[in-house]
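Worksheet: the structure to be examined is printed underneath.
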Ligand code: UDX
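Numbering (this note's numbering), first residue to last: 71 to 511.
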């Protein structure tokens, strides 16, 4: 159990994909936590023990910590500020049309913090923000709260992945804290002590850069392996084996070398754009990262071409799409490759049968059901029924385990295009299917 000498209450401002796992995580570590969000419907859902989005293992922990009194939620942001000693800023930083981040939610919440300062506060940025945002936060507080107020601003970037956020909170590979005072340093070290994780303590600007650099490097790795995948395809090599062959080199590492349809989600595409934008503002040539983006955008074309090569004419063909979320174990479809694939195939006149274990309700908001062009199905098998091909767009575990003999019985043409290289080609072919992966034989 953590000691509680230095501070009493941790406030979490913003209860989305970052804020909610953070609030629940700190409560589970034994801290007293108050979470707040300006969306009152979301707050009442959370107060009743419901997670507003799909995140494995989060809901039971949320309920436990609400019941045991370590976590409370309120839509009164000011109240949360007044009650807390440490304030984690976890509000959204969406993308503006020019690629730069929209920091209006950060500014708004910081103004509320300034108006409710009732003693020393440690304000910690957790949302992904451009370097030097902490300086603006400081300036904003001084402007709205006046001098004589006592506070510190620190940076503690989050590295939680959607779908494994709870696990990532309790077993981080590192915690980064950027601080400017001894007090901020000691408080954050104390807060994270129960995790017993490696901690990188640095200055605030450096911590802000670490977050953008990490996500940009991950995106770069994915685009790199996707280029290798195209070359493998051209010469008859296998990218999954190349990934294994290079990934065993500890200097390269095996993760984020899965070739396929490209990266999506709320973080990688947005953070990459923001990083390019910041670099340009500071006259640093980051054309390397622009190329990473270009390669990623071209993945959809490549995938659709592959479907065309497998099926020839797409008009009037019935196509099952397995997987809609931007990655498995989430219902998040922000920047999901599936959305672009659906739109391209509908333009070609194909009839789509969609299935995803978690994300169908979200996709329905973008593409309402419209039979026979677009149908939502209750299972992978139902989606495959009478289809001329199955496209794997998200690598959910249930697709790996599917009974191909059963699929064969219901499908019209046994063709599988695996946009995530998640199936074993041999198993699928032995079941009587034509199998097309990305950069593999
Ligand atoms: C990312 C970072 O990993 C996390 O540390 C940060 O805090 C938030 O942003 P997340 O957006 O949840 O997490 O997804 P991530 O697991 O990074 O995957 C991003 C995208 O890359 C997904 O679309 C995924 O399918 C794709 N991907 C990932 C690949 O195409 N190939 C890979 O090898 C790995």
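By construction, the Cβ of each residue, glycine as well, lies at the ideal position given by its N, Cα and C atoms. If you're wondering where the values come from, they're calculated on a predicted model, not measured in any experiment.
Flag this pair as yes or no: are the beta carbons of residue i and residue j separated by less than 9 Å?
i, j, result
"residue 299", "residue 362", "no"
"residue 243", "residue 267", "yes"
"residue 129", "residue 233", "no"
"residue 474", "residue 497", "yes"
"residue 255", "residue 271", "yes"
"residue 156", "residue 240", "no"
"residue 196", "residue 92", "yes"
"residue 215", "residue 187", "yes"
"residue 220", "residue 248", "no"
"residue 105", "residue 131", "no"
"residue 451", "residue 485", "no"
"residue 331", "residue 490", "yes"
"residue 201", "residue 193", "no"
"residue 426", "residue 413", "no"
"residue 150", "residue 83", "yes"
"residue 262", "residue 279", "no"
"residue 162", "residue 302", "no"
"residue 170", "residue 347", "yes"
Does residue i pass the burial test, meaning 16 or more other C-beta atoms within 10 Å, or should it be called exposed?
i, result
"residue 191", "buried"
"residue 355", "exposed"
"residue 71", "Confidence at residue 71 is low in this model, with a pLDDT of 46, below 50, so the placement of that residue is unreliable and no value is reported for it."
"residue 329", "buried"
"residue 343", "buried"
"residue 341", "buried"
"residue 440", "exposed"
"residue 468", "exposed"
"residue 352", "exposed"
"residue 98", "buried"
"residue 375", "exposed"
"residue 431", "exposed"
"residue 291", "buried"
"residue 421", "buried"
"residue 401", "buried"
"residue 120", "exposed"
When you compare only the Cα positions, how much space is there between residue i and residue j?
i, j, result
"residue 443", "residue 393", "18 Å"
"residue 448", "residue 433", "14 Å"
"residue 488", "residue 505", "7 Å"
"residue 388", "residue 461", "11 Å"
"residue 369", "residue 464", "14 Å"
"residue 359", "residue 325", "19 Å"
"residue 384", "residue 164", "35 Å"
"residue 367", "residue 399", "23 Å"
"residue 314", "residue 320", "11 Å"
"residue 174", "residue 139", "32 Å"
"residue 259", "residue 265", "10 Å"
"residue 204", "residue 458", "54 Å"
"residue 273", "residue 416", "50 Å"
"residue 115", "residue 133", "11 Å"
"residue 148", "residue 185", "8 Å"
What three-state label does DSSP hand residue i in the structure shown?
i, result
"residue 405", "coil"
"residue 245", "strand"
"residue 444", "strand"
"residue 293", "helix"
"residue 73", "Since pLDDT at residue 73 reaches only 46, below the 50 mark, its modelled position is unreliable, and the value read off the structure follows with that caveat. Residue 73: coil per DSSP, three-state reduction."
"residue 499", "helix"
"residue 171", "strand"
"residue 187", "coil"
"residue 466", "coil"
"residue 95", "helix"
Consider the C-beta atom of residue i and the heavy atoms of ligand 1; say whether any pair is separated by less than 8 Å.
i, result
"residue 315", "no"
"residue 165", "no"
"residue 121", "no"
"residue 310", "no"
"residue 341", "yes"
"residue 337", "yes"
"residue 267", "no"
"residue 83", "no"
"residue 333", "yes"
"residue 329", "yes"
"residue 100", "no"
"residue 400", "yes"
"residue 230", "yes"
"residue 277", "no"
"residue 432", "no"
"residue 280", "no"
"residue 407", "yes"
"residue 233", "yes"
"residue 326", "yes"
Check whether the Cβ of residue i lies closer than 9 Å to any Cβ atom in chain B.
i, result
"residue 219", "Included in the structure is just one protein chain, with no chain B present."
Any heavy atom of ligand 2 closer than 8 Å to the CB of residue i?
i, result
"residue 288", "Judged by which ligands are present, ligand 2 is missing from the structure shown, whose ligands are ligand 1."
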